[in-house]
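Undergrad: Numbering (UniProt numbering), first residue to last: 1 to 158.
C-beta: ideal position from N, C-alpha, C; glycine also.
Note that the structure is a prediction, hence the values are computed from the model and not measured.
Structure in C-alpha coordinates, see below.
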(Lines of atoms letter the chains of each structure in order from A and count residues from 1; the text may use other names and numbers.)
(Lines give C-alpha, C1' and ligand atoms only; values in the text may rest on other atoms or scores of the structure.)
Protein backbone atom coordinates (compact mmCIF):
# COMPACT_ATOMS: atom_id res chain seq x y z
CA UNK A 1 0.00 0.00 0.00
CA UNK A 2 1.26 3.43 -0.96
CA UNK A 3 -0.10 6.23 1.23
CA UNK A 4 0.30 9.69 -0.26
CA UNK A 5 -1.05 13.17 0.39
CA UNK A 6 -3.55 14.61 -2.08
CA UNK A 7 -5.73 17.66 -2.18
CA UNK A 8 -9.23 17.17 -0.78
CA UNK A 9 -10.61 18.13 -4.20
CA UNK A 10 -8.42 15.60 -6.07
CA UNK A 11 -10.66 13.37 -8.27
CA UNK A 12 -9.86 10.23 -6.24
CA UNK A 13 -10.61 12.06 -2.99
CA UNK A 14 -13.90 13.38 -4.36
CA UNK A 15 -14.97 9.92 -5.53
CA UNK A 16 -14.12 8.22 -2.24
CA UNK A 17 -15.73 11.05 -0.28
CA UNK A 18 -18.90 10.49 -2.31
CA UNK A 19 -18.72 6.78 -1.42
CA UNK A 20 -18.34 7.40 2.30
CA UNK A 21 -21.15 9.95 2.24
CA UNK A 22 -23.40 7.37 0.55
CA UNK A 23 -22.47 4.85 3.25
CA UNK A 24 -23.29 7.37 5.98
CA UNK A 25 -26.66 7.89 4.32
CA UNK A 26 -27.38 4.15 4.29
CA UNK A 27 -26.43 3.84 7.96
CA UNK A 28 -28.10 6.99 9.28
CA UNK A 29 -30.64 7.96 6.60
CA UNK A 30 -29.67 11.60 6.75
CA UNK A 31 -27.87 12.32 3.46
CA UNK A 32 -24.36 11.97 4.89
CA UNK A 33 -22.09 13.99 7.13
CA UNK A 34 -23.17 17.64 7.05
CA UNK A 35 -19.95 18.94 8.62
CA UNK A 36 -18.62 21.72 6.42
CA UNK A 37 -15.23 20.87 4.94
CA UNK A 38 -13.12 22.86 2.51
CA UNK A 39 -10.07 21.72 0.55
CA UNK A 40 -8.03 24.33 2.43
CA UNK A 41 -8.85 22.58 5.74
CA UNK A 42 -6.40 19.84 4.77
CA UNK A 43 -3.50 21.96 3.52
CA UNK A 44 -0.16 21.72 5.31
CA UNK A 45 0.75 22.72 7.96
CA UNK A 46 -2.85 22.86 9.21
CA UNK A 47 -3.88 19.43 7.99
CA UNK A 48 -3.41 16.70 5.45
CA UNK A 49 -5.59 14.43 3.35
CA UNK A 50 -4.20 11.00 2.52
CA UNK A 51 -5.19 8.28 0.10
CA UNK A 52 -3.86 4.72 0.23
CA UNK A 53 -3.35 3.20 -3.22
CA UNK A 54 -2.70 -0.43 -4.08
CA UNK A 55 0.09 -1.56 -6.42
CA UNK A 56 -2.11 -0.92 -9.47
CA UNK A 57 -2.88 2.66 -8.45
CA UNK A 58 -6.41 1.94 -7.26
CA UNK A 59 -7.44 4.13 -4.30
CA UNK A 60 -8.47 1.94 -1.35
CA UNK A 61 -8.62 4.14 1.74
CA UNK A 62 -8.77 7.77 2.76
CA UNK A 63 -8.44 9.90 5.83
CA UNK A 64 -7.51 13.39 6.82
CA UNK A 65 -6.97 15.66 9.74
CA UNK A 66 -7.51 19.38 10.12
CA UNK A 67 -6.25 21.73 12.80
CA UNK A 68 -8.77 22.87 15.35
CA UNK A 69 -8.18 25.18 18.26
CA UNK A 70 -10.45 26.32 21.09
CA UNK A 71 -13.81 27.25 19.58
CA UNK A 72 -17.51 27.38 20.35
CA UNK A 73 -17.97 23.81 19.04
CA UNK A 74 -15.96 22.30 21.90
CA UNK A 75 -12.48 21.89 20.44
CA UNK A 76 -9.36 22.66 22.48
CA UNK A 77 -6.11 24.32 21.48
CA UNK A 78 -3.85 21.89 19.66
CA UNK A 79 -6.58 19.56 18.42
CA UNK A 80 -6.23 17.68 15.14
CA UNK A 81 -9.68 16.57 14.01
CA UNK A 82 -9.82 13.28 12.14
CA UNK A 83 -12.13 13.36 9.11
CA UNK A 84 -13.34 11.03 6.35
CA UNK A 85 -11.68 7.81 7.42
CA UNK A 86 -12.89 5.29 4.87
CA UNK A 87 -11.88 1.97 3.33
CA UNK A 88 -13.59 0.70 0.18
CA UNK A 89 -15.83 -2.29 0.91
CA UNK A 90 -13.77 -4.97 -0.87
CA UNK A 91 -10.55 -3.91 0.89
CA UNK A 92 -11.83 -4.01 4.46
CA UNK A 93 -10.38 -6.34 7.05
CA UNK A 94 -6.80 -5.97 5.79
CA UNK A 95 -5.56 -3.40 8.32
CA UNK A 96 -5.75 -0.43 5.96
CA UNK A 97 -7.73 1.76 8.37
CA UNK A 98 -5.22 1.11 11.15
CA UNK A 99 -2.31 2.01 8.87
CA UNK A 100 -4.09 5.13 7.68
CA UNK A 101 -4.85 6.16 11.25
CA UNK A 102 -1.19 5.73 12.25
CA UNK A 103 -0.03 7.82 9.28
CA UNK A 104 -2.48 10.59 10.16
CA UNK A 105 -1.44 10.58 13.82
CA UNK A 106 2.23 10.78 12.83
CA UNK A 107 1.57 13.69 10.47
CA UNK A 108 -0.49 15.62 13.04
CA UNK A 109 2.16 15.06 15.71
CA UNK A 110 4.88 16.32 13.35
CA UNK A 111 2.76 19.44 12.70
CA UNK A 112 2.73 20.20 16.43
CA UNK A 113 -0.80 19.06 17.21
CA UNK A 114 -1.18 17.63 20.72
CA UNK A 115 -4.47 15.72 20.58
CA UNK A 116 -6.29 13.80 17.85
CA UNK A 117 -10.07 14.01 18.15
CA UNK A 118 -12.84 12.42 16.15
CA UNK A 119 -16.58 12.13 15.98
CA UNK A 120 -18.33 8.97 14.87
CA UNK A 121 -21.71 7.41 15.46
CA UNK A 122 -23.31 4.43 17.10
CA UNK A 123 -24.12 2.89 13.70
CA UNK A 124 -20.40 2.55 12.94
CA UNK A 125 -19.35 -0.14 15.44
CA UNK A 126 -16.30 -1.11 13.40
CA UNK A 127 -15.01 2.48 13.60
CA UNK A 128 -15.61 2.60 17.34
CA UNK A 129 -13.74 -0.70 17.72
CA UNK A 130 -10.79 0.59 15.66
CA UNK A 131 -10.47 3.79 17.64
CA UNK A 132 -10.92 2.12 21.03
CA UNK A 133 -8.28 -0.49 20.21
CA UNK A 134 -5.94 2.28 19.03
CA UNK A 135 -5.92 4.12 22.35
CA UNK A 136 -8.78 6.57 21.81
CA UNK A 137 -11.00 7.30 24.78
CA UNK A 138 -14.42 8.92 24.97
CA UNK A 139 -14.22 12.69 25.38
CA UNK A 140 -16.51 15.68 25.73
CA UNK A 141 -18.57 15.97 22.58
CA UNK A 142 -17.51 18.58 20.03
CA UNK A 143 -18.26 19.60 16.48
CA UNK A 144 -21.34 19.72 14.29
CA UNK A 145 -22.99 16.64 15.83
CA UNK A 146 -22.19 17.37 19.48
CA UNK A 147 -25.89 17.58 20.40
CA UNK A 148 -26.92 14.38 18.56
CA UNK A 149 -27.68 11.40 20.76
CA UNK A 150 -26.12 8.93 18.31
CA UNK A 151 -22.83 10.86 18.17
CA UNK A 152 -19.73 9.59 19.94
CA UNK A 153 -16.52 11.59 20.36
CA UNK A 154 -13.07 10.22 21.12
CA UNK A 155 -9.64 11.69 21.76
CA UNK A 156 -6.05 10.51 22.02
CA UNK A 157 -3.01 12.44 23.16
CA UNK A 158 -0.39 12.67 20.44
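In terms of residue numbering, what span does the beta strand (DSSP E) encompassing residue 36 cover?
TA: Within the chain shown, the letter at position 36 stands for residue 36. That residue, residue 36, is in no beta strand (DSSP E); it is neither H nor E in DSSP.
Undergrad: DSSP three-state label for residue 53, please.
TA: Taking the chain shown and counting its residues from 1, one reaches residue 53 at position 53. Looking at residue 53 - three-state DSSP - the assignment turns out to be strand.
Undergrad: Have a look at 78, 12, 111 and 39 and flag the residue whose alpha-carbon is nearest the alpha-carbon of residue 62.
TA: Locating residue 62 in the chain shown gives position 62, counting from the first residue. That would be 12, whose Cα lies nearest to the Cα of residue 62.
Undergrad: Quick check on the burial criterion: 16 or more other C-beta atoms within 10 angstroms. Buried or exposed for residue 95?
TA: Locating residue 95 in the chain shown gives position 95, counting from the first residue. Burial call: exposed.
Undergrad: Looking at the structure shown, is residue 100 part of a helix, part of a strand, or coil, going by DSSP?
TA: Walking along the chain shown from the start, residue 100 turns up at place 100. Residue 100 falls in the helix class under three-state DSSP.
Undergrad: Would you kindly report the start and end of the unbroken alpha helix (DSSP H) that includes residue 12?
TA: Mapped onto the chain shown, residue 12 falls at position 12. Where residue 12 is concerned, the enclosing alpha helix (DSSP H) stretches over 11-28.
Undergrad: Out of 15, 84 and 1, which has the shortest C-alpha to C-alpha gap to residue 34?
TA: As a first step, residue 34 must be located in the chain shown, where it is residue number 34. It is 84.
Undergrad: Take every Cβ of the segment 116-123, pair it with every Cβ of the segment 139-158, and state whether three or more of those distances are shorter than 8 Å.
TA: Yes: the two stretches touch, three or more of their Cβ pairs being nearer than 8 Å.
Undergrad: Suppose you measure from the CA of residue 19 to the CA of residue 147; what does that come to, to the nearest Å?
TA: Here residue 19 is taken as the residue at index 19 of the chain shown, counted from 1. Here residue 147 is taken as the residue at index 147 of the chain shown, counted from 1. In a straight line, the C-alpha of residue 19 is about 25 Å away from that of residue 147.
Undergrad: Using a Cβ-Cβ cutoff of less than 6 Å, which residues in the same chain neighbour residue 76 once the five nearest sequence positions on both sides are dropped?
TA: The residue you call residue 76 lines up with position 76 of the chain shown. Closer than 6 Å at the Cβ level, and outside the excluded window around residue 76, lie 70.
Undergrad: For the beta strand (DSSP E) that residue 151 lies in, which residues bound it at each end?
TA: Along the chain shown, one-based indexing puts residue 151 at 151. Start and end: 151-157.
Undergrad: Using DSSP bridges, identify the partner residues of residue 116.
TA: Here the question's residue 116 lines up with position 116 in the chain shown. Paired residue(s): 80 and 156.
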